[in-house]
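Undergrad:
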Amino acid sequence: MSNERDAREDPRLRVALAGLTLRNPVLTASGTCGYGPEYDEAIDYRRLGAFTTKSVTLEPRPGNEPARIVEVRAGLLNAIGLANVGLEGFLAEKLPFIERMPTTVFVNVAGHRIDDYVAVAAALDPHECIAGLELNVSCPNVADGLTFGTDAGLLGQLVSEVRAAVRRAKLIVKLSPNVTDITALARAAIANGADVISLVNTYVGMAIDVRSWRPLLANRTGGLSGPAIKPMALFAVHRVYREVAREAGVPLIGMGGVTTAQDAIEFMLAGATAVAVGTALFVDPTTPLKIAGGLSAYLDERGLGSVSDLVGQLKIE
Ligand SMILES: Cc1cc2nc3c(=O)[nH]c(=O)nc-3n(C[C@H](O)[C@H](O)[C@H](O)COP(=O)(O)O)c2cc1C
């Protein structure tokens, strides 16, 4: 598959996502590309399907102590700890750049209380340059210590309260894979008003230094991402699509190790309407653009009129 093609003008790559039209189905994943300015030199945003920001919380957060990131075989372990500028800092310092970004922008929202998510979502919703709000639910709730995204009841409550505060922006709920049955969480999110489901966030893991006998991450554990998780992420998309999302008519954004056009095609065949690229940006920030070019070449090869013709077409009779 050629990665050389310029995907900018290929109308076959346009996808509809919950009433939005994306230029192509390749997005950036939250937390791997800052708020936009950081990658302005490296990525031609006019050629991106959509840009997703780092998580924004109500208050600024310094994040965890270093080491916060460790390279492991075929992936990364990170324990950044939601380091971010906070809502006020985001509105003052980051939003002006986002207003000028020539692509669809999703802002990722995180919190440790339902009220915090609601406050951030309600403050961001009126800004028309933000097409969608993506809820990062892989955070513990201070009220009971449960992670929002691992308890269907708590997730349902969170999504319902945020939904009531969000009138304009699309509501994307980003699922954690650290659960026994991810379809139960997808069901809870959809029943309470999610417009789109994105999946997956990182898998909990750890790495140990055999010289010091200590964990390599100061936080002890971290989130595993990159090619190491791709087969598991693909399976999660496949299950959520077939068991919940297809029937509900809710589109999926698939992610977890997407590095090549072939990866993107696999996720789309499994049921994703779009894919997001995270860890691969650290190797080559232009990966999403190359993937879009590879999708165009694949459509040529297969004689397909639209990339949407791939969605959910996995043959499993
Ligand atoms: C360094 C790093 C920071 C991340 N920060 C966030 C974040 O702030 N919010 C979030 O929802 N996901 C965050 N993620 C998860 C990614 O958005 C993505 O779901 C995950 O890494 C799987 O995709 P990938 O294998 O392409 O990286 C982060 C991932 C990495 C590697």
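Residues in the sequence shown are numbered from 74 upward in steps of one, following the numbering used here. We treat Cβ as the ideally placed atom computed from N, Cα and C, and that holds for glycine. Nothing here was measured: the structure is a model prediction, and the numbers come from that model.
Consult DSSP for residue 114 and reduce its assignment to one of helix, strand or coil.
TA: For the purposes of this step, residue 114 is taken as residue 41 along the sequence shown, with counting starting at 1. DSSP places residue 114 in coil when its eight states are reduced to three.
Undergrad: CA-CA distance, residue 237 and residue 103?
TA: In the sequence shown, residue 237 corresponds to position 164, counting from 1. In the sequence shown, residue 103 corresponds to position 30, counting from 1. Answer to the nearest angstrom: the Cα atoms are 24 angstroms apart.
Undergrad: Quick check on DSSP: helix, strand or coil for residue 217?
TA: For the purposes of this step, residue 217 is identified with residue 144 of the sequence shown, where counting begins at 1. Residue 217: coil per DSSP, three-state reduction.
Undergrad: Tell me the rounded alpha-carbon separation between residue 243 and residue 285.
TA: Translated into positions along the sequence shown, residue 243 becomes position 170. Translated into positions along the sequence shown, residue 285 becomes position 212. So the alpha carbons of these two residues sit roughly 47 angstroms apart.
Undergrad: Measuring only the C-alpha atoms, how far is residue 334 from residue 377?
TA: Position 261 of the sequence shown, counted from the start, is the residue given in the question as residue 334. Position 304 of the sequence shown, counted from the start, is the residue given in the question as residue 377. Approximately 15 angstroms between the Cα atoms of the pair.
Undergrad: Quick check on DSSP: helix, strand or coil for residue 144?
TA: Within the sequence shown, numbered from 1, the residue matching residue 144 stands at position 71. Residue state, collapsed to three classes: strand.
Undergrad: In or out: residue 357 buried (at least 16 other Cβ within 10 Å) or exposed?
TA: The count along the sequence shown starts at 1 and reaches residue 357 at position 284. Label assigned to residue 357: exposed.
Undergrad: Counting only the same chain and skipping the five closest in sequence on each side, list residues whose C-beta sits under 6 angstroms from that of residue 194.
TA: Start at 1 with the first residue of the sequence shown, and residue 194 comes out as number 121. Excluding positions up to five away in sequence, the list reads 182, 206, 235, 238, 239.
Undergrad: When every heavy atom of ligand 1 is checked, does at least one fall within less than 7 angstroms of the C-beta of residue 167?
TA: Counting from one through the sequence shown, the residue named residue 167 turns up at place 94. No.
Undergrad: What is the DSSP secondary structure of residue 228, counted as helix, strand or coil?
TA: For the purposes of this step, residue 228 is identified with residue 155 of the sequence shown, where counting begins at 1. Of the three classes helix, strand and coil, the one that applies to residue 228 here is helix, per DSSP.
Undergrad: Rounded to whole angstroms, what is the Cα-Cα separation between residue 99 and residue 280?
TA: In the sequence shown, counting from the first residue as 1, residue 99 sits at position 26. In the sequence shown, counting from the first residue as 1, residue 280 sits at position 207. Distance between the alpha carbons of residue 99 and residue 280 is about 31 angstroms.
Undergrad: Whose CA, out of 134, 153, 203, 192, lies closest to the CA of residue 168?
TA: As a position in the sequence shown, residue 168 is number 95, starting the count at 1. Here the closest residue by C-alpha is 203.
Undergrad: At a cut-off of 7 angstroms, would you count residue 256 as near ligand 1, judging by its Cβ distance to the nearest heavy atom?
TA: The count along the sequence shown starts at 1 and reaches residue 256 at position 183. Checking the Cβ of residue 256 against ligand 1 gives no.
Undergrad: Within 10 Å of its beta-carbon, does residue 389 have 16 or more other beta-carbons around it, so buried, or fewer, so exposed?
TA: Within the sequence shown, numbered from 1, the residue matching residue 389 stands at position 316. Label assigned to residue 389: exposed.
Undergrad: Check whether the Cβ atoms of residue 261 and residue 270 lie closer than 8 angstroms to each other.
TA: By 1-based counting over the sequence shown, the position of residue 261 is 188. By 1-based counting over the sequence shown, the position of residue 270 is 197. It is not a contact, given that the beta carbons lie outside the stated cut-off.
Undergrad: Would you check if there are 3 or more beta carbon pairs closer than 8 angstroms linking the region 244-252 to the region 208-215?
TA: Flag = yes, the region 244-252 and the region 208-215 touch.
Undergrad: Rounded to a whole number of angstroms, what is the C-alpha to C-alpha distance between residue 128 and residue 156?
TA: Translated into the one-based positions of the sequence shown, residue 128 becomes position 55. Translated into the one-based positions of the sequence shown, residue 156 becomes position 83. Roughly 8 angstroms separates the two Cα atoms.
Undergrad: Does ligand 1 have even one heavy atom less than 7 angstroms from the beta-carbon of residue 350?
TA: In the sequence shown, counting from the first residue as 1, residue 350 sits at position 277. Result yes, Cβ under 7 angstroms from ligand 1.
Undergrad: Which value, in whole angstroms, describes the spacing of the CA atoms of residue 382 and residue 138?
TA: Walking along the sequence shown from the start, residue 382 turns up at place 309. Walking along the sequence shown from the start, residue 138 turns up at place 65. Answer to the nearest angstrom: the Cα atoms are 46 angstroms apart.
Undergrad: Could you spell out the range, first to last residue, of the alpha helix (DSSP H) harbouring residue 108?
TA: By 1-based counting over the sequence shown, the position of residue 108 is 35. Per DSSP, residue 108 belongs to no alpha helix (DSSP H) and is neither H nor E.
Undergrad: If we ignore side chains and look at the alpha-carbon of each, how far apart do residue 219 and residue 213 end up?
TA: Against the sequence shown, residue 219 aligns to sequence position 146. Against the sequence shown, residue 213 aligns to sequence position 140. One C-alpha to the other measures close to 5 angstroms.
Undergrad: Flag residue 330 as yes when its Cβ comes closer than 7 angstroms to any non-hydrogen atom of ligand 1, and as no otherwise.
TA: As a first step, residue 330 must be located in the sequence shown, where it is residue number 257. It does: the Cβ of residue 330 is within 7 angstroms (strictly closer) of some heavy atom of ligand 1.
Undergrad: When burial is assigned at 16 or more other CB atoms within 10 Å of the CB, is residue 349 buried or exposed?
TA: Numbered from 1 along the sequence shown, position 276 holds the residue referred to as residue 349. With 16 or more other Cβ atoms within 10 Å, it is buried.
Undergrad: Tell me, please, which residues DSSP counts as bridged to residue 288.
TA: Along the sequence shown, one-based indexing puts residue 288 at 215. Residue 288 pairs with 281.
Undergrad: Check whether the Cβ of residue 249 sits closer than 7 angstroms to any heavy atom of ligand 1, and report yes or no.
TA: As a first step, residue 249 is located in the sequence shown; it is residue number 176 there, counting from the start. No, ligand 1 has no heavy atom inside 7 angstroms of this Cβ.
Undergrad: Could you tell me which of 135, 291, 339 sits nearest to residue 159, measuring between CA atoms?
TA: By 1-based counting over the sequence shown, the position of residue 159 is 86. The option with the nearest alpha carbon to residue 159 is 135.
Undergrad: Within a Cβ cutoff of 8 angstroms, which residues of the same chain sit near residue 97, ignoring the five residues on either side of it in sequence?
TA: Position 24 of the sequence shown, counted from the start, is the residue given in the question as residue 97. Cβ neighbours of residue 97 beyond the five flanking positions: 80, 83, 86, 87, 88, 120, 121, 122, 365, 368, 380.
Undergrad: So what does residue 362 bridge to, in DSSP terms?
TA: The residue you call residue 362 lines up with position 289 of the sequence shown. Answer is none; residue 362 lacks a bridge partner.
Undergrad: Looking only at its chain, what residues have a beta carbon closer than 8 angstroms to the beta carbon of residue 174, apart from the 5 residues adjacent to it on each side?
TA: Reading the sequence shown from its first residue, position 101 is the one you call residue 174. So the list reads 109, 118, 124, 202, once near-sequence residues are dropped.
Undergrad: Closest to residue 25 by CA distance: which of 180, 165, 113 is it?
TA: Outside the displayed span of the chain (74 to 390) sits residue 25, for which this structure offers no information.
Undergrad: Buried or exposed, going by whether 16 or more other CB atoms sit within 10 Å of the CB of residue 90?
TA: Locating residue 90 in the sequence shown gives position 17, counting from the first residue. When all chains shown are included, residue 90 counts as buried.
Undergrad: Could you pull the start and end residues of the beta strand (DSSP E) that residue 295 belongs to?
TA: On the sequence shown, position 222 is the one that residue 295 refers to. Unbroken beta strand (DSSP E) run through residue 295: 295-298.
Undergrad: Could you name the residues that DSSP lists as bridge partners for residue 134?
TA: Counted from its first residue, the sequence shown places residue 134 at position 61. Paired residue(s): 157.
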